[in-house]
Each structure stands twice: as C-alpha cells, then as structure tokens.
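Let me begin by presenting the structure, written as structure tokens, before commenting on it.
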Amino acid sequence: MVENNFGHPAIPKFDGHYDHWSMLMENLLRSEEYWSIVEGGVPVLAATATAEQRKLAEEGKLKDLMAKNYLFQSIDRSIIETVLDKSSSKAIWESMAKKFQGSTKVKRARLQALRGEFGMLRMKEEESVNDFFGRVLATVNKMKIQGENMEESIVVEKILRSMTEKFNYVVCAIEESNNVETLSIDELQGSLLVHERKMKPIKQEDQALKVTYGDRNAGRGRGRGAKGGQGRGKRINKETIECYKCHKLGHFQYECPNVGDYANYADNEEVLLMAFDKSHQESTKKQIWYLDSGCINHMCGVKEWFHDLDMNFKETVRLRDNSQMSVVGKGNVKLQLNGFTQIITDVYYIPELKNNLLSIGQLQLKDLTIVFKRNWCKVYHQDKGMIMSSQMASNKLYPIFAEAKVACFQTKSEDISYLWHCRYGHLNFKGLQTLQQKNMVKDLPKIEESDHMCTNCLVGKQHRESIPKTSNLKSSKRLELVHSDICGPITPASNSDNRYFLTFIDDYSRKTWAYFLKNKSSALEYFKKFKNMVEKETGESICCLRTDRGGEFNSNEFNNFCEVNGIKRQVTAAYTPQQNGIAKRKNRTIMDMVRSMISGKDIPKVFWPEAVNWAIYVLNRSPAAAIPDVTPEEFWSSSKPTVKHFRIFGCIAYTHVPDAQRRKFDDKSVKCIFLGISKESKAYRLYNPMTKKIIVSRDVKFAEFEKWKWNEKTEPSKLHTQDSDEETDKEMNNGEDGEELIVQPTNEHTPTNNNSTEDIGTSNSNLNQGRTRRPPGWYSDYDTSIVDEESMNLVMFGPCVHQGPINFEEAEKSQKWRKAMDDEIAAIERNNTWELTKLPKNARVIGVKWIYKTKVNDKGEVEKFKARLVAKRYAQRYGTDYKEVFAPVARWNTIRSLSAIAASNEWSVFQLDVKSAFLHGELNEIVYVEQPLGYVKKGKEDQVYRLHKALYELKQAPRALYSKIEQYFVREGFEKCPHEHTLFVKKDGNNNWLIISLYVDDLIFTGNNHNMVEKFKNSMMNNFDMSDLGKMRHFLGIEAIQCDQGIFVCQQRYAQEILERFNMDKSNAVCSPIVSGTKLSKHNKGDDVNPTQFKQIVGSLMYLTATRPDLMFAVNMIARYMEHSVETHMMAAKRILRYIKGTLELGILYKKGKQAIELIVCLTRPTSRCDD
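In our numbering, the protein residues as written are 32 to 1203.
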C-alpha cells in the first residue's frame, strides 16, 4: 500500500494585514471545498425536507465546522474572543471583514490615499527592477482590494514614466517596438530585467585582490595581449564592464584614463578624514568606527544614532576574550562620509559596547569592494565609487572617522515632522512651518514638508473644495466681537450624556473656548459663565455677540440678558450660515482634528470631549490667518506659549505610582492613555482603562507611536523603574503625586520629555500663581458636586462600574475603605452585637470576611462606601447554628400601589435606610465567630466573639431583623396587612394615615399628616441607627421623580446597563418588542444558544417589567423557553433589547388627583402567539 506523503496545507496566520490574509484564506478554503459554506452559509432545512436533503444539510454542517476550525486556527486568541459568539463560519468571516476591512467611508478614504501614493511612485536610483515592480504591484493590489478598477495598461504606462534616467533609452526602445496598451506587466518586467543585467559589470572573484596588487597594465598570468589576461584562460569581454570612476563601459576602474586625477582626489579626502586634533580625541571617540574582519556584524553602542531601531530583536555576541554581550536591538545608522550620507543597515545595538565596529564581511555581502594597499583600506561602491577610506593606525587597526546623523525620535518610519504633525492634532505641515519659522512658540524643532500621506487626516478631514470668500473687518481689541456656535448632536453621547459643544471665539485674538451641553437650551447658562470668566480675566466687557438664528440664541431670555448687559447682537440672515463663518469653520476644524486623532489611536468615541479640548488647546497655539506671526494664545495673554510638552493624543503613557499608594514589591509604573494636560495642575492627564480612572501626574513616560489594544482583555502592563529620591513638586500635584481624580474626561492638559520629567510650561506664567483658581468652565461637562477623588469611575464599559476592592489587603490601602471598615466595627460595638470570650470546649467557630461595595444615587454617582463584615454562612449547621431563616420582602405590586395611592392623594413618598440593619436582630442561638482581619485584639488573638445579635450573611439574620422591626411596629400601634406582611398601616382618630412598606433594611412610607411623618422618623431614629434619605429618589434600582404632575417611576439606568451587559447598546432601535406574527415553540428548529446567557437576559428583563408593563407579554413569552432555547428564542429576546434601546426613558406616571386612580381596561388581539 502506497503511503500518502502529502500533508495538510499550512494555514495562513492573520498578522493584521486583512487583505492578504483573506485572499490566502479564501484560496485554502476553496482548495478544501469549504468556501461555498463560508460564502453562502449553512442551508436551512424546510419542514418537509427529504432524507437526501437532510443528509446534505448534515454534510453542510460538518463542512461549516471544518471551516470554523480553519478560521479559529488562523486568528489570534485576542481576536477569537470577539467572534466566539458567532455560530457559523459565514458569520465569523463577515465579522472579520467588518472589523478589519472597514466601512464604505473608510475604504473610500484609503483608496484616495492609495491613489496619491500610486501617483507619487518613482523608481529610486539604487533600486532594482524587481524591487520597484514589487512596490508598484503592492500598491496596485491594495487599490484593487479597495474596489479600484485598475487596467493593466495604466500600470504599464506608470512604470515606464517612473523609471530612472539610466533606463531612458530602454523605455524609448520598448515604446517604439511594442504597443503599450497591449503590453503585459510580466512582459515589461522581463524586458527591463534583461537590460538591467546588461548594465551590471561582471563580478570577478579576485577583483579586490587585482585592485590591490595588480599593476596598471600587467595581467597576473602569462597570457598575451596589450593589457594582459588572467592566466591561460579566455580573455574577458569588457563590453559590459562599467568603470567605478567614470561609469563608462569597456574598462575597469584601475584602467580608467582619469585614474591619476581620481587618485589625487582620494588622497586629499583621506587627509581630511585623518586630520583631527588630539585634544578632541576624547570627545570624538564615540564617532570612530573600526573596520574589523573578525566581526560578524556591524555593532554600535549609541542608541541616538539609530534609525528604524527594532528593540524586539535579541541576540548574544561573544568577544575575543570569550566574554558575552547582549544585543538589544537592530536598526540602521546614517554616517556622513566624504560629504554624502551613507546608510549602514542591520547594525546591532549593544549598549555596553565602547567602540563602534564595521564588519568587513557584512560590507562585502552588500556588493561593496574592499581594497587593502600600502597601509590604506578603501571601500568602493559599483555606482558611487569610493565611499570611505582609512589609514592603518599605530595599533594596526583601520579607524573610520564619520559623523553620525542623530535620530530625533526612535520611530519605525515616521520622521520628526510627521511626529509633530501627530502631536499637534494633525495640524497641516504649512501651519507647523509657520509656527517654527516665525518663532511663534517655544521648543518647536525645524519642520519640513513631509511626503507622508496621513490616512487619518483623509478619514477625518477630507471635504469639498472651499468657495473663495471676501475678507471682513477685524476687531481692534479683545472681546469687541465674540463669535459663537453650537456643534451637534454628536453620537455617541459623552460619559456625562453630553451631545453638543458650544464654542466662543474672540474675533481680535482668535482664541477659542468650549463648553459641553446635554441640550441646546443650556446655551445661555454657559454664555453667562463664559462672560464672567473672560471679563474678570481681561478687565474688559463683551461688546458684541455674533451667532446664527438658532432658537437657543434667540430666546426671549437670551435676548433680555444681552440687552440688560449692553451686548449688541449680530444674527445671521435666514438660511445663511456663511455669515457666521468664523464659528462654523472653527467647529469644522475642531471636528476634523477630533476625527483624525480618534482614528489615529482607535480611541473609543465616547472620549470625544477629551479630544475636543485637546484640539482647542492645540489650535490656540497654532497659526491663524487673521493674526500673522503670533498664536491666538500669545495674542490674548501677551505670553509666548511653549509646546515642548505636546504629545500625541491617545498614545500610551506610563505613570509613576507614588510610594504612598503601593507596597515595597508593587510595580512602580502603570500603563495609561494620554488624554491631554490638566489646566488646574502642571501635569499630564491620563486614563487607566483597567481601573477606569482619570489620573493627573507629572511623572510620565510616553510611547507615542503605540496605542491601546481595546479588543484585548489583558492585565495592565507595567513598566518597572528604578528608585528615585526626587521630591514631589508640591505645586504640580498639590501634595500628592499621581493623584486619582474623580472628574470624567475633560480639558486642557500638560506633558514632559520622553526620558525625563521636567516642569511643564503654561501659557499663563505671567499671572499670579498664588491666587485661588476656580474650576474651569469645562468642568461643567462632569458633575463633581458629590463624588471625590478616589471614587471616580467612568460609566462606560459595563454595568459593574462602581466595584469595591476584592480583598482586605487591597482595601486597607485606601483611606476611604479603611474608614468604612472602622465605621462598621464601631456600629457593631455600639449595638452590643458581640462580646470577646474564650471558645468553649466542643463549640464551633464560624469565620468572617469583609465585603466591599459602593452605593450610588439616582444619577449613578457614588454616594457611600460600604464595608460589611459578614459571616461565612456555609459553615453553619441547621438545628445547631440556626433554625428559622424566612424573612418576607415587599412585592412590586405593593410598591406600585403605595406610589399610586400617594400620587392620587397628592402625598409625598419618603425613604429611610437602616444602618448596619442586620446588627439589630437578636439571636436565639449561641453562635461564635472569629475576630475580623485588621481588628484582632492584641494579646487576645486566641479568643473569639460570641454573638448576641445577628451579623450579616448569617442565615437567620434577615429573620431576626424582621422580628425586631415587627415588634417595634406592633408596639407603636401599626397594623400589619394580613395579605402582605411587609405592609404596615397606622390611622388615628382624625383620619390621618401613615403607610409603610419594608424591604429588608429599606423603608418607604407616605401619609397625609406632616407631624405624624416627622414623629415616625424621629421614633425610628431613636430605636434604630437610621439614615434619612428624604423623598424617595432611588429605591431598589427604580428611579423615582416626584413632580407637579405626580410620581414617575422608571428604570432607565438599569435598562442601559442591561444593553451594555449584553453588547446591545450599539444596536439599532425598533418600534415594538415583538414582531407581529411571531410564533415561538419549544419545537422550534435551530442551533442551541448559550443557555446561561439566555437565562440572564430573561431574568434581567423580568426585573425591568417592574416599571415597564409594555414588556410584560413579550418577556413572559420568551421566559417559557429557558429550559431549552434555540436561535429563534434568542432573536426574540434581542428584539426586546432593541426595543428597549429606543424607549429607555419610558416608565409609569402615577398622576395626581382622585380621577387618576380610575381603572381602565384595554383588550387587544394578540399579534403573536406561543404554540405551547
């Protein structure tokens, strides 16, 4: 039997280049006969399918599994996480295309960039035909992938037009002898390759020796002839030999008629290279390179000389004394030799190396000729002639004295101009050149026009050509005229639900300010803030305000305010926004920069306010046509700004962790994202995606061309640094370094050098630094009235935003959590919950642990830090440690009824919270618990606590608390509802009512007599440790609004959390929770879905129906299939989520007045049914 030696084809790995990967993967799937399944999907069987059709369907499913297996093996684990929920190979393929191929707009922008790149393609002087064809065809293939219809004749004509001058006669010959329109690319390449080979001289093995030892007219052997031959062999045909000196054909360089002049020139160059003052020997030592025949590779120890340095390259080299050195990178070095810049490629970077080495072997591999003669070593290039020479030194070495061209920044392909283009928020190169040439800012290096086509600029800024405009008169002083406009609505909303930003531009200085709004009606409020700020800062008044005719600017209130304050109004004519052109163009410029910056670093779009603030900060330090030779910031403040702190928005930043916030062996640096600079502190403003916190710190190091991989679920990477005794600048950080702020993404920020942390310049250095500064206007984008620095969490990446520490070791580092634990222990001691005693013989002790959580208000803001000491209830035994555990809680019907009664009688609903509620319940059993972590009594470590009252998580704790509160209500004259044991009612002789509903440790109550309500509050506070929460606002996840119309209850925030939890927050909204005519059954065909996820969705929706009766029918329908759910059921559940997406604000309004309590019954014919 013949054995098959053919293995499976190699599976192409996805390396980020989607176009190449998709082509290779498609070819592989076609060869394996799986492509039809990937392209068309698995066929869906009809109910009346035949046996043959069922068999084909099973084969299709098997092929789909095989195709999925190939796709999973070809992509990285981090990408697999994003496609695990895809049920077929077709869905995986389409998901990959959406992620990495982009939308139509992105493709169009990429195609525009590729067209420009194709137009600028030119063959380089030293480039081979094959290399040039490779570059051209790579660009052409990319254009075809993006949808360009590129004909072969166009590519042929482009190549012929782009060849170097030495191919001119070849191009003419090809054009005269061939029809260019029918000439193929392969035929053209073949013709050019033939001519290229004819141009190259024949390489002889001993040519270097011939130059070294050969006489000008003598051969080496005994052959005959005027010029001599090479031994007895055939004479060399020199028709194709090119001279290194004159570049003419027919002779070698040593036979060149001009060799005498050339030798004198070389000698003069050698004298210049060798002439250096010994007094400068030490300072120039690092710029000496030694030619070394024993060195396997070029080596250099100066990192600043490298261009395109690859720090991922690792190697070890052995020296002559058998010692070893580590190679930590490889790149290119540019040397200034004989007035020309020569690029030395593939140079090892060895930090410990003291002398720079050039490998003779590596030079020879680059087709260079090396000649040793009379104590001289000369290196020749076949086209350029001699490129370097060296005379033997006293130590028998050959030194090369060459000045290295220092790389300004360690990047892969970006030059210094492109770097500052990115730092300046993708400002155009002419603007950067104007800033530098006219010295409009400090610390900006020389900028040159870059041929780099920035695709992020095309994505963010490309627009139609502008229409010429006439110039307008300009103001003569600050605030004489202010332009204003609102930009929006912007999707998605910011972290503070803002969808607009309002700009103000001073016509005189062109300085810009921005404020963020939830709705346009807030324009007047922020105009007042802006007016107060600028008028106090300048001592001048706003004279005139120019806006469009939007209702937000032309309300009676806005006009009256301007009239009272003597502000003249200029309003555009109807449908003529061009008359407010300065503000309109400024908003467009800002949005162009924001799009480019977000695209450049793949920043989530909810951070657009941060990008807007950074764009305005940059524009205020950029040239403006209306004020030549000066920036708006300098024109406004009379102080020239510095830009040395500028960094690329969204780049990776490593911030130092202060000693007070870490232990000895904790990491000293954390990886963050640069969002700008703080206006309140001379420090950087960073965002930590792992902790979802904003950090303000001055001790930062940047990796500007790196970006955060948002799709990867990885632990935050750390950067280890050495200890530093440098004291913290108190002015920079107000006493603490790396302060964790509570504000969400905001405004202007500041930076430092890549390798050091120097003070960051500001534009307001002439102002009094000692004065008290009020919060900037852009703080209005975030509510900072309640939360503090340590409690800030961005409400952005899921419902579990306000999470506490995981364990005691983490919590004890925070003062807030330490205080919360102290309060819990104090409450336990105050309630006489336990007493310390010896553990009796044969008695069991139950462990305890700390649990941490934050309590939020109706706005989702942190209101309280709670630390709970709980018992490890799993160790309890029935009959010994507990008996009865039942404790009733209020039903939703009761809570809704209480709200409806209160609204119809125009009563208010109040709320109380029992502090450390379970500590009030008295125990009937004898229970011992261990001493808690962090509060073990010194000298009594072997003792335990005996509980007199309940502790959290004890199985009988809820029952004990309920019994204690029930006794109180009975004692105070309340009657318990026989049908709802958590509802208590009290009525006096004057027909005054007090109704109370209890839910564990939360109480809501209402009544018609204010004195009775206040008396009840005081009584409860005297008997229990209570918190008076005032009117009910946030109860069990329900948001309550008590207004003039009545009581409105909803679960908007909880609904939003559901959408985010199941990744439906970006889905398209629909108008109904279920499709008309939908038939669901437990016999529905389809693939099984994740049962856990389906149950979670149903459970979440069931809780949401407490205030959403419109969801009740649809939710109850899908709830019947939790035992066994398929794709049809999951689609119905997601349909409900999409309906919620468009109806987040819906809830129940209980109207005031007796008529509001009338019962109205509506009967509708069901449009969908359940066949079960």
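Idealized CB from N, CA, C, for every residue including glycine.
Being a predicted model, the structure only gives us computed values, none of them experimental.
Out of the options, which one is the CA nearest neighbour of residue i?
i	options	result
residue 1102	1023, 1173 and 881	1173
residue 1027	1041, 645, 1021 and 1007	1007
residue 345	381, 924 and 141	381
residue 935	1068, 435, 1183 and 1125	1183
residue 599	574, 130 and 555	574
residue 425	416, 412 and 406	406
residue 870	972, 462, 343 and 230	972
residue 704	666, 656 and 642	642
residue 688	1145, 732 and 563	732
residue 1040	1034, 1021 and 1050	1021
residue 125	460, 71 and 530	71
residue 691	543, 845 and 87	845
residue 715	1121, 645, 566 and 528	645
In this structure, how does DSSP classify residue i when only helix, strand and coil are distinguished?
i	result
residue 567	helix
residue 48	coil
residue 91	helix
residue 192	helix
residue 894	strand
residue 1035	strand
residue 1184	coil
residue 728	strand
residue 420	strand
residue 376	strand
residue 17	Nothing in the structure corresponds to residue 17, since the chain is present only between 32 and 1203.
residue 1024	strand
residue 512	coil
residue 146	helix
residue 357	strand
residue 1	Not covered by the structure: residue 1. The range shown for the chain is 32 to 1203.
residue 703	strand
residue 343	coil
Thinking residue i and residue j are a contact (beta carbons under 8 Å), I'd like their distance in whole angstroms, please.
i	j	result
residue 46	residue 173	Rounded, the Cβ-Cβ distance is 15 Å, inconsistent with contact.
residue 110	residue 117	That pair is no contact at about 12 Å.
residue 866	residue 976	7 Å
residue 928	residue 940	In fact, because the Cβ distance is near 12 Å, the residues do not count as touching under 8 Å.
residue 1095	residue 1177	That pair is no contact at about 17 Å.
residue 631	residue 681	7 Å
Residue j and residue i - do their beta-carbons sit closer together than 8 Å?
i	j	result
residue 516	residue 579	yes
residue 652	residue 359	no
residue 852	residue 707	no
residue 105	residue 54	no
residue 432	residue 319	yes
residue 1078	residue 933	yes
residue 541	residue 658	yes
residue 11	residue 878	This structure cannot speak to residue 11, because the chain is shown only from 32 to 1203.
residue 1142	residue 1057	no
residue 1135	residue 1072	no
residue 1025	residue 1044	yes
residue 1086	residue 1175	yes
residue 159	residue 218	no
residue 954	residue 991	yes
residue 420	residue 327	no
residue 384	residue 330	yes
residue 637	residue 523	yes
residue 10	residue 411	Look at the range of the chain in this structure, 32 to 1203, and you will see that residue 10 is not part of it.
Next on the checklist: In chain order, what are the residue ranges of uninterrupted beta strand (DSSP E) at least 3 long that sit wholly in the region 1047 to 1121?
Outcome noted: Here the runs fully enclosed are 1057 to 1062, 1069 to 1073 and 1077 to 1081.
Item to check | Whole alpha helix (DSSP H) elements within the region 589 to 657, 4-residue minimum | outcome: You should have 612 to 632 and 639 to 650.
Checklist entry - What are the start and end residues of each continuous beta strand (DSSP E) run of 3 or more residues lying completely inside the region 1133 to 1182, in chain order? => result Taking 3 residues as the shortest admissible run, the region 1133 to 1182 contains the following complete beta strand (DSSP E) segments, listed from N- to C-terminal end: 1178 to 1182.
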